[in-house]
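Protein chains: 2
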Amino acid sequence: MVYIYDTTLRDGAQTRGVSFSLEDKLRITQALDDLGVHYIEGGWPGSNPKDLAYFETVKGLNLKNSKIVAFSSTKRKGIKIEEDANIAQLVKTKVPAVTVFGKSWDLHVTEALKISLEENLELIYQTIEYLKKYFDEVFFDAEHFFDGYKENPEYAVKTLKAAEEAGADCLILCDTNGGTLWYETEEIFDAVSKKVKAPLGIHAHNDSDMAVVNSLIAVKKGAIQIQGTINGLGERAGNANLCSIIPNLVIKMGYKSIPIENLKKLYSVSRLVSELLNRPHPANLPFVGDNAFAHKAGVHVSAVEKNPRTYEHINPELIGNRRRIMVSELSGRSNIVNKARELGIELDKNSPEVKKILEKIKYLEAQGYHFEGAEASFELLLKETLGMSKKYFELKGFRVFTEKRSEEEEAYAEATVKVEIPEEIAREKGIEDRFEHTAAEGRGPVEALDKALRKALEKFYPSIKEVKLTDYKVRILNEAAGTGASPRVLIESTDGKRKWGTVGVSPNVIEASWIALVDALKYKLMKDDEG
Amino acid sequence: MVYIYDTTLRDGAQTRGVSFSLEDKLRITQALDDLGVHYIEGGWPGSNPKDLAYFETVKGLNLKNSKIVAFSSTKRKGIKIEEDANIAQLVKTKVPAVTVFGKSWDLHVTEALKISLEENLELIYQTIEYLKKYFDEVFFDAEHFFDGYKENPEYAVKTLKAAEEAGADCLILCDTNGGTLWYETEEIFDAVSKKVKAPLGIHAHNDSDMAVVNSLIAVKKGAIQIQGTINGLGERAGNANLCSIIPNLVIKMGYKSIPIENLKKLYSVSRLVSELLNRPHPANLPFVGDNAFAHKAGVHVSAVEKNPRTYEHINPELIGNRRRIMVSELSGRSNIVNKARELGIELDKNSPEVKKILEKIKYLEAQGYHFEGAEASFELLLKETLGMSKKYFELKGFRVFTEKRSEEEEAYAEATVKVEIPEEIAREKGIEDRFEHTAAEGRGPVEALDKALRKALEKFYPSIKEVKLTDYKVRILNEAAGTGASPRVLIESTDGKRKWGTVGVSPNVIEASWIALVDALKYKLMKDDEG
Chain A
1 MVYIYDTTLR DGAQTRGVSF SLEDKLRITQ ALDDLGVHYI EGGWPGSNPK
51 DLAYFETVKG LNLKNSKIVA FSSTKRKGIK IEEDANIAQL VKTKVPAVTV
101 FGKSWDLHVT EALKISLEEN LELIYQTIEY LKKYFDEVFF DAEHFFDGYK
151 ENPEYAVKTL KAAEEAGADC LILCDTNGGT LWYETEEIFD AVSKKVKAPL
201 GIHAHNDSDM AVVNSLIAVK KGAIQIQGTI NGLGERAGNA NLCSIIPNLV
251 IKMGYKSIPI ENLKKLYSVS RLVSELLNRP HPANLPFVGD NAFAHKAGVH
301 VSAVEKNPRT YEHINPELIG NRRRIMVSEL SGRSNIVNKA RELGIELDKN
351 SPEVKKILEK IKYLEAQGYH FEGAEASFEL LLKETLGMSK KYFELKGFRV
401 FTEKRSEEEE AYAEATVKVE IPEEIAREKG IEDRFEHTAA EGRGPVEALD
451 KALRKALEKF YPSIKEVKLT DYKVRILNEA AGTGASPRVL IESTDGKRKW
501 GTVGVSPNVI EASWIALVDA LKYKLMKDDE G
Chain B
1 MVYIYDTTLR DGAQTRGVSF SLEDKLRITQ ALDDLGVHYI EGGWPGSNPK
51 DLAYFETVKG LNLKNSKIVA FSSTKRKGIK IEEDANIAQL VKTKVPAVTV
101 FGKSWDLHVT EALKISLEEN LELIYQTIEY LKKYFDEVFF DAEHFFDGYK
151 ENPEYAVKTL KAAEEAGADC LILCDTNGGT LWYETEEIFD AVSKKVKAPL
201 GIHAHNDSDM AVVNSLIAVK KGAIQIQGTI NGLGERAGNA NLCSIIPNLV
251 IKMGYKSIPI ENLKKLYSVS RLVSELLNRP HPANLPFVGD NAFAHKAGVH
301 VSAVEKNPRT YEHINPELIG NRRRIMVSEL SGRSNIVNKA RELGIELDKN
351 SPEVKKILEK IKYLEAQGYH FEGAEASFEL LLKETLGMSK KYFELKGFRV
401 FTEKRSEEEE AYAEATVKVE IPEEIAREKG IEDRFEHTAA EGRGPVEALD
451 KALRKALEKF YPSIKEVKLT DYKVRILNEA AGTGASPRVL IESTDGKRKW
501 GTVGVSPNVI EASWIALVDA LKYKLMKDDE G
């Protein structure tokens with residue numbers, strides 16, 4: 001059994017320019033749990049209040065597969081472990097497992113930590129021995145292990161033995177600087193596995209473009225834990241990319257790890273992380289990139305479909321991706337049918353409705369729409385095209401005004417909105433005046449517009465009050481077009497019972513926000529009616 | 001000696017969305033020649049007129065290191081080779097070397113080519129025998145070799161023998177579908193090298209995230225030619241990335257190939273290709289990404305500089321890249337002093353100026369400012385705090401109005417801007433009227449504001465006309481605050497001579513854009529004055 005240990009939220013989060021909100025972290029945690037990842041390293045509780053908040057709120061999630069892991073340094077020298085505030089924070093989290101990192105390279109011990117080699121071993125030993133009293137599983141991350149082993153193999157192994165003797169459940173060899181080549185990994189794992197008895201793991205970095213193969217080599221050499229991140233997120237050249245590792249490990253190498261049927265969620269977890277980071281999803285990612293199975297024109301569609309093996313190294317559907325063929329729309333229709341089925345709607349792949357929906361989606365995608373993270377917008381599109389949802393209101397106009405009167409004064413905004421509800425609905429509700437024209441203010445134009453829109457709708461649909469926006473993201477597509485580029489707005493809303501994501505695209509950022517806001521409120525009204 | 005064979009212009013160019021103009025191809029050819037690449041595969045002359053044009057014009061370049069290679073399929077069946085138009089085009093190029101590809105997988109021969117296995121061997125033999133009369137070097141690309149070998153090893157080897165007997169100078173084993181794992185590459189190269197005498201090469205694809213290691217393994221097993229592309233450009237998950245292969249091969253594994261002193265050009269060749277493709281240069285590329293040697297905050301700047309080996313797997317300058325240390329909330333005075341030094345300003349770490357600058361930065365960062373990608377804003381902040389820059393203009397107010405009149409009509413925007421220039425500047429320029437109030441329209445509010453601001457400033461500073469916005473990004477900070485969250489706008493501008501990034505943060509997205517736009521234009525004016 002090979003355990004997948006995800007550190008997207010901790011090591012991945014150390015990437016330049018990356019910042020996950022608490023909401024983001026919880027959404028990713030849920031998605032990783034659905035995928036079936038074994039461990040999720042959520043952060044370093046003793047390092048900052050945001051990480052601490054994660055450990056408190058994550059308990060509220062109903063996780064089925066993943067164990068939450070807290071990360072930490074060893075205890076500080078010179079104080080008793082019971083008095084170490086960082087370690088105390090760790091203990092307070094009461095998670096199922098913790099990972100403690102320690103230096104395995106003598107140079108780092110003397111130059112960076114500035115302690116003796118012996119003291120370092122004691123810190124490792126004492127920390128792990130202590131934590132074993134509070135946690136089922138305690139893992140040891142041997143930092144800079146490979147470089148340390150190359151320079152002073154005896155000392156590097158001593159750090160592992162200190163952890164092992166203290167009761168560590170797994171010793172993870174870390175290629176912290178990412179400089180280790182594949183044959184060095186083979187040699188070092190061979191040597192080390194003869195010297196320690198505890199199970200081994202690997203934590204590779206991609207500075208030499210070797211992280212994936214180093215991770216798989218470790219497993220071939222008997223390692224039982226692979227640490228990595230989604231999309232290889234991480235500082236410098238990134239951490240080991242779990243989206244490459246998992247399909248290779250499970251589908252190609254046949255190891256027992258995440259169940260093979262769960263792998264179809266890989267693509268959506270991968271996309272979710274890109275969405276939450278507000279970054280383009282790299283098209284050339286192996287397995288999970290949108291180009292990964294995009295066949296160039298000239299390849300006969302029928303050849304690929306009759307015998308996909310001739311051109312594809314694995315079936316893309318195994319990991320939730322899909323074949324993209326510029327000539328044919330056949331792959332598109334299967335996707336629509338599958339997604340509709342997930343929503344409880346059975347459609348015929350060859351029906352005109354599916355064709356219509358596919359055309360709409362292609363049109364929108366050409367403008368920059370993506371439905372990952374905005375499934376509610378997709379559901380609305382589907383149901384509206386199928387005539388399964390009603391028109392709740394019509395926009396009769398909005399105006400948004402922003403002013404900044406001088407360099408010293410803050411800008412402010414005012415919005416007016418005109419909406420009208422259909423006659424049938426007005427009759428049902430016994431409302432005479434179908435029309436509302438109202439105004440609101442805000443610090444910014446989108447805030448003002450959002451307030452004005454809700455105000456207008458609450459008059460007819462009081463349940464709108466329950467809706468709260470929990471996430472608002474803007475991405476600029478085709479950024480090279482400068483201020484003429486198209487903003488894509490992604491919104492997450494909640495009414496306390498459920499959460500849903502909607503999207504809007506327009507060269508006008510206010511209009512893009514409007515589209516996403518309107519979808520968010522329409523979705524609420526539609527779900528209320530569905531009961 | 002390991003020969004580097006670049007196919008950026010041929011296989012790389014097959015990537016979805018990639019198109020190189022003839023100019024681009026010649027610039028890349030020159031850059032690759034400067035780097036010292038041994039072979040440059042420029043295209044398939046028989047396939048289209050653009051490729052043909054390349055081979056005619058490339059003769060005009062004065063190349064010192066690289067041999068130009070033309071690519072082609074084998075001759076057509078059923079006609080004499082002398083009458084094959086495609087082969088004739090190949091011969092006309094009169095380049096030093098050609099590469100011919102043929103099928104090595106029996107499945108492809110029968111299903112895709114629809115000829116007999118025997119016929120296929122003849123096509124290979126006849127084509128190469130014929131071309132050896134015209135070209136010094138003829139290479140054979142054995143397509144789908146690894147999959148072919150796994151299914152019918154005897155036949156796969158027969159295709160190699162056919163090429164060898166015809167006089168091929170190198171037999172390149174191609175992992176066309178990219179599905180081969182590293183240990184399979186080892187086994188297959190071991191087996192094949194016993195069965196043929198001609199030198200071997202490798203052409204790997206990255207579908208399993210294995211292309212780099214597969215290429216290096218081939219060399220360890222005796223291959224003398226590696227085919228790949230700059231930045232791993234190529235269809236699906238890309239070709240083997242030469243920017244990872246070359247440093248590993250030459251610096252780490254010590255093979256004789258491109259001279260080590262040439263490697264410092266690697267970073268700029270890599271950047272050039274991204275520039276010509278008009279794509280962001282991926283920051284996390286190993287070796288050549290801007291993050292490849294970017295150290296996170298918390299790592300003592302002094303530790304890295306005293307002993308780079310502790311944190312860096314190679315010296316970035318060997319490949320033309322540089323260490324980047326972020327100005328971030330955890331960094332301190334050392335960082336400020338270093339960044340100021342990069343700008344040519346010497347500061348005393350313990351001076352009150354540095355303290356003041358640090359406080360400003362911390363204050364801004366707490367609001368969400370990041371200076372990565374916005375070094376111009378940082379430079380402005382530094383110089384303004386040190387009293388080293390002047391006030392070019394003052395905002396007297398802006399107003400931005402967005403309207404959408406119905407669901408069917410598109411939104412549009414109008415902005416008005418009032419600016420005033422200081423008396424001294426007006427006197428210098430001989431301008432009487434210091435004040436300008438003007439308006440502009442746009443599809444969106446930021447576009448309208450940008451236009452109005454430039455219009456107003458161009459009246460006083462004509463050089464503003466040279467400034468173009470090349471990138472506009474918005475990120476919402478603390479997204480969980482919904483529409484009350486703070487947008488951070490990142491802008492990249494250029495005036496044809498230099499490029500610079502600026503940033504603005506505000507709960508009002510228009511104001512945030514304003515701040516970034518103003519910094520972008522102030523920076524231009526400041527640099528113009530600095531000369």
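Protein chains in written order, with the UniProt record's numbering: chain A, 1 to 531; chain B, 1 to 531.
Ideal placement from N, C-alpha and C gives every residue a C-beta, glycine not left out.
Can you look up A97 of chain B in the DSSP assignment and give me helix, strand or coil? strand
Which one of B:Y134, B:Q126, B:W182 has the shortest CA to CA distance from T159 of chain B? B:Q126
Three-state secondary structure assigned by DSSP to W182 of chain B: helix
Helix, strand or coil for D6 of chain B? Go by DSSP, reduced to three states. strand
On the three-state DSSP scale, how would you describe T494 of chain B? strand
Say whether the region 218-235 of chain B touches the region 243-261 of chain B, bearing in mind that this needs 3 or more beta-carbon pairs closer than 8 Å, one atom from each stretch. yes
Near-chain A residues of the region 373-401 of chain B - C-beta to any C-beta below 7 Å: E394, L395, K396, G397, F398, R399, V400, F401
D495 of chain B at chain A interface by Cβ criterion, 8 Å: no
Which residues in chain B have a C-beta closer than 7 Å to the C-beta of R405 of chain A? List them in chain order. G397
For a test of the three-state rule: what should DSSP assign to M1 of chain A, helix, strand or coil? coil
Taking Cβ positions only, does M526 of chain A come closer than 8 Å to chain B? no
Is Y472 of chain B helix, strand or coil by DSSP? strand
If you measure from the beta carbon of T310 of chain B to each beta carbon in chain A, is any gap under 8 Å? yes
Taking contact to mean 3 or more Cβ pairs, one atom from each stretch, closer than 8 Å, check whether the region 391-402 of chain A and the region 419-431 of chain A are in contact. yes
With a cut-off of 8 Å on the beta carbons, I'd call K67 of chain B and H38 of chain B a contact; round off their distance for me. 7 Å
Nearest CA to the CA of E458 of chain A: which residue from A:R488, A:V417, A:F55, A:T57? A:V417
Can you tell me whether I506 of chain B is helix, strand or coil according to DSSP? Just to set this straight, residue 506 of chain B is Ser in the shown sequence, not Ile. In this structure, S506 of chain B counts as coil in the three-state DSSP scheme.
Closest by CA to L517 of chain B, which one among B:R454, B:K497, B:D175? B:R454
Quick one: does W44 of chain B have its CB under 8 Å from some CB of chain A? no
CB-CB under 6 Å to D24 of chain B, same chain, minus the five flanking residues each way: which ones, in chain order? L276
I want to verify the contact list: residues of chain B whose CB lies under 9 Å from the CB of G167 of chain A, in sequence order. Those do not exist, as G167 of chain A stays about 29 Å from chain B at its closest Cβ, beyond 9 Å.
Comparing the C-beta of L117 of chain B with each C-beta of chain A, is any distance below 8 Å? no
List the residues of chain A whose Cβ lies closer than 7 Å to the Cβ of D51 of chain B, in chain order. Those do not exist, as D51 of chain B stays about 15 Å from chain A at its closest Cβ, beyond 7 Å.
Could you spell out the range, first to last residue, of the alpha helix (DSSP H) harbouring T438 of chain B? That residue, T438 of chain B, is in no alpha helix (DSSP H); its beta strand (DSSP E) goes 435-442.
State yes or no: is the C-beta of K524 of chain B within less than 8 Å of the C-beta of V467 of chain B? yes
Host alpha helix (DSSP H) of K404 of chain B (start-end): Per DSSP, K404 of chain B belongs to no alpha helix (DSSP H); it is in the beta strand (DSSP E), 394-404.
Continuous alpha helix (DSSP H) assignments of at least 4 residues falling wholly in the region 239-266 of chain A: 242-247
Separation of D450 of chain A from I476 of chain A, as counted between CA atoms: 20 Å
Where DSSP assigns a beta bridge to I172 of chain B, which residues make up the other side? B:D141, B:G201
Chain-order list of residues whose beta-carbon lies under 7 Å from that of V95 of chain A (same chain, five-residue window excluded): F55, I68, V69, A70
Whole angstroms are fine: how far does the CA of T176 of chain B sit from the CA of D11 of chain B? 11 Å
Name, in chain order, the residues that DSSP records as bridge partners for K67 of chain A. A:Y39
Establish whether the CB of N291 of chain B and some CB of chain A are separated by less than 8 Å. yes
Y3 of chain A vs I224 of chain A beta-carbon contact at 8 Å: yes
Just verifying my parser: in three-state terms, what is the DSSP assignment at P422 of chain B? coil
Neighbour flag for F11 of chain B against chain A, beta carbons, 8 Å: Looking at the sequence itself, residue 11 of chain B is Asp, so the reference to Phe does not match. It does not; no Cβ of chain A falls within 8 Å.
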